[in-house]
Every structure is written in structure tokens, then in C-alpha cells.
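Written out below as C-alpha cells is the structure these notes cover.
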Amino acid sequence: MTDHLAEFVKVCAASDIERGTAVRAEIDDLPVAIVHAEDGEFYAIYDVCSHAEVPLSEGDVEDCTVECWLHGSRFDLKSGEPTGLPATEPVPVYPVEVRDGDVYVCLAPKTTQKDSRS
Ligand code: FES
1 MTDHLAEFVK
11 VCAASDIERG
21 TAVRAEIDDL
31 PVAIVHAEDG
41 EFYAIYDVCS
51 HAEVPLSEGD
61 VEDCTVECWL
71 HGSRFDLKSG
81 EPTGLPATEP
91 VPVYPVEVRD
101 GDVYVCLAPK
111 TTQKDSRS
């Protein structure tokens, strides 16, 4: 059973994810890639590429990006924006907190795209 703390959901222990790798988590039926970046930070990004339905958690993690293994687009883990083609649409990213060695994710998207209000 998931442990709800405010809006944050406990996903796993930080030690469960090696640096430079990602794991897939299902949070309230939403697939989320939990990424342990090479700099030691944790990130959460919707685990489906915006180009086709490929899990980003199966791609390579490099710097602050994760690569879609199918066609090679990289997504910025802070903004969800693709850094190169063929993907052109961002992927939602979610706030992450590490508390007492556990990783918590808030399902309210941090960003999905730039504010386009005019
Ligand atoms: S499916 Fe991800 S870049 Fe094409």
C-alpha cells in the first residue's frame, strides 16, 4: 500500500536505484520513471515518450537527461522538454523529495510545457 504524505507518495528507497539509472514505478496507475541522475539528484518523469509509447525508464541516463531508446530523443529531467528530434512535445515531470532515505513523488505535474497564456 502506498504511503501518502500530503501530496507526496512514497515510491521506493533511494538506495534501490543506482546512480545513472532509472526504474519504472506505477503510482496510482500512472507510469513514472524515477531517475537517479549521475549528480546524485532524483527526478520523476512520465514514463512514456511523447513521440511513441516507449518507456523512458528503459533508456540511458546522462547528465540531467534520459534518452528514449527507440529513436534517441533526450528529455530534460527538470523541464521534460525534448533536447532533440524526433520528439517535439515535452513529457510531464513531477516533484521529488528524498526523506529519510526514501523517494517520494508528487503526482501534480511540476511542468508539462511552457506557460502559453497570452
Ligand atoms: S519513440 Fe521516443 S523518440 Fe521516438
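Numbering (this note's numbering), first residue to last: 1 to 118.
Using N, Cα and C, we set each Cβ at its ideal position, and we do this for glycine too.
Fair warning: this is a prediction, and the values are worked out from it, not measured in the lab.
Look at the beta carbons and you see the stretch 46-62 not touching the stretch 7-18: under three pairs across the two are nearer than 8 Å. Residue state for D16 is assigned as helix, using DSSP reduced to three classes.
CA-CA distance, L70 to V9, rounds to 30 Å.
Distance from the Cα of E41 is smallest, within the candidate group L85, L30, L107, L77, for L77. A Cβ-Cβ distance of about 14 Å is found for the pair A25 and V66, leaving them out of contact under the 8 Å criterion.
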